[in-house]
Every structure is written in C-alpha cells, then in structure tokens.
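Below is one structure, written out as structure tokens; comments come after it.
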Amino acid sequence: MDTVALAKRRYTTKAYDASRKIPQATIDALLEQLRHSPSSVNSQPWHFVVADSAEGKARLAKATDARFAYNSPKLRDASHVIVFAARTNITEAHLQAVLAQEAADGRFRTEQARDVQDQTRRGYVDLHRHDFKDLQHWMEKQVYLALGTALLGAAAHGLDATPIEGFDAKALDAELGLREQGYTSVVLLSLGYRSEEDFNAGLSKSRLAAGQVFTFL
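Laid out in structure tokens, this is it:
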C-alpha cells in the first residue's frame with residue numbers, strides 16, 4: 000500500500016453524492032480497522048456511533064442546523080457518519096473490561112505480565128486524573144488517534160471523508176443520550192463519495208515545504 004499516494008489523494012470533501020452508498024463489506028472493514036485503533040496504554044476510552052439511515056443522519060444534523068448549518072449537508076448527504084465520543088471518566092468497570100479482553104486475546108504470557116499491564120494503565124490514568132488533572136483531554140487525544148486511523152482507512156478504500164468539529168456537542172450528547180452512558184461527542188466523520196458539486200475536489204493540496212515541517216537531529 001502506497002500510503003504517501005493515499006495522503007496526497009485524500010482531501011476534506013465539501014459535498015457528497017447523496018445517491019451513493021458505501022458497500023456494507025467496505026464499511027464493515029473500515030469499522031473493524033477503527034476498532035483496532037491505537038491508544039495510550041491500550042486505554043480505548045472511546046465509543047463510536049454510526050449513522051447510515053436518513054433518520055439517523057438527521058438526528059446528528061440537529062447539532063449543526065443552527066450555528067453550524069454549513070455542515071448539515073455534509074451529514075445528511077454522506078453515506079455514513081461516525082460520531083467519535085470520548086468517555087467522561089475511566090471507571091473501574093472499564094479498566095476491568097479492557098484487562099479481561101486482553102487476557103482473553105492471549106496478550107499475557109504470565110500472570111505477572113497481566114499485573115504489570117494493569118498497574119501501568121492505572122498509573123497513567125491516575126497521573127492524568129490527579130497530577131496533570133487533564134484526564135478528559137487525555138482521553139480525547141486518544142479519540143483523535145482513532146480518527147486518524149479512520150481517515151487513512153477511508154482513503155485506502157477509495158472513500159471520501161470529512162472530519163467535522165463544527166457542531167454543538169452539548170446538543171448532540173443530549174440527542175443521543177451520550178452523557179447518561181458516560182460519553183461525550185468529540186468529532187464527527189462523514190464518509191461517502193464526493194458530488195460533482197464539490198468545489199474542493201479539483202483544487203491542489205497545499206502543504207508547507209519539508210524544511211518548514213521537519214527538523215532532523
């Protein structure tokens with residue numbers, strides 16, 4: 000896979016062809032890739048809500064129809080929209096669930112290895128909860144790692160995509176009942192196929208020169 004070519008071809012889609020749907024096998028593969036996204040100490044502090052029906056996408060668009068109305072068509076006309084949500088807290092139940100899944104997947108060769116992983120993860124959670132006092136921000140950073148994974152996956156599958164921060168998170172959380180479930184929305188991702196009306200499709204991508212971006216030591 001030529002990941003450089005994928006990065007150069009990918010762009011932020013401004014308009015979608017509402018008549019085209021992503022094949023189910025493709026969306027299943029993309030979601031499986033998303034499920035395997037990296038996170039610090041394998042904390043996985045996220046949840047993803049997927050809308051593929053007109054009704055589901057309309058519910059999400061309630062969070063853009065007022066202040067962010069320019070983003071509403073990107074939600075309604077896309078084939079699929081994914082809500083990337085972060086946990087509002089890392090609970091004991093979540094820590095136990097992650098550890099149990101790791102054990103079931105054969106990640107640990109010994110009980111000692113299992114205990115070290117558990118203690119290390121708890122150490123990072125406590126560090127951000129008590130010392131840095133930025134646990135929510137830390138969890139949201141893990142969600143953005145998942146977003147990057149999804150964007151690369153979308154490009155690999157020939158899909159167009161739009162990451163969207165312009166939405167009313169409080170309204171969307173209320174619409175989906177996220178906070179009652181221990182989550183809060185962070186970013187949206189529209190997926191599908193660009194429309195002929197997408198003015199952004201024919202424009203050249205602009206990136207800073209290598210010398211302005213990289214420093215080699």
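Going by numbering that gives the first Met the number 0, the sequence shown opens with residue 0, and the numbers climb by one from there. Note that CB positions come from ideal geometry on N, CA and C, so glycine has one too.
Could you give the DSSP three-state label for residue i: helix, strand or coil?
i      : result
His46  : strand
His26  : Looking at the sequence provided, one finds Ile at residue 26 rather than His. Helix.
Thr11  : strand
Ser39  : helix
Arg86  : strand
Thr183 : strand
His79  : strand
Ala209 : helix
Thr148 : helix
Met218 : Nothing in the structure corresponds to residue 218, since the chain is present only between 0 and 216.
Ala170 : helix
Leu5   : helix
Here's a check: name, in chain order, each residue in its chain whose Cβ is nearer than 7 Å to the Cβ of residue i, leaving out the five neighbours to either side.
i     : result
Gln43 : Val97
Based on the DSSP secondary-structure assignment, which residues constitute the bridge partners of residue i?
i      : result
Thr161 : Ser189
Ignore the nearest five residues each way along the sequence and tell me which others in residue i's own chain have a CB closer than 8 Å to its CB.
i      : result
Gln32  : Thr148, Ala149, Gly152
Leu134 : Asn88, Ile89, Val124, His127, Arg128
For a quick check, are the C-beta atoms of residue i and residue j less than 9 Å apart?
i      : j      : result
Asp16  : Ser189 : no
Ala154 : Asp76  : no
Thr2   : Ile163 : no
Phe107 : Leu187 : no
Asp167 : Tyr182 : no
Lys204 : Lys7   : yes
Using a Cβ-Cβ cutoff of less than 6 Å, which residues in the same chain neighbour residue i once the five nearest sequence positions on both sides are dropped?
i     : result
Arg19 : Tyr192
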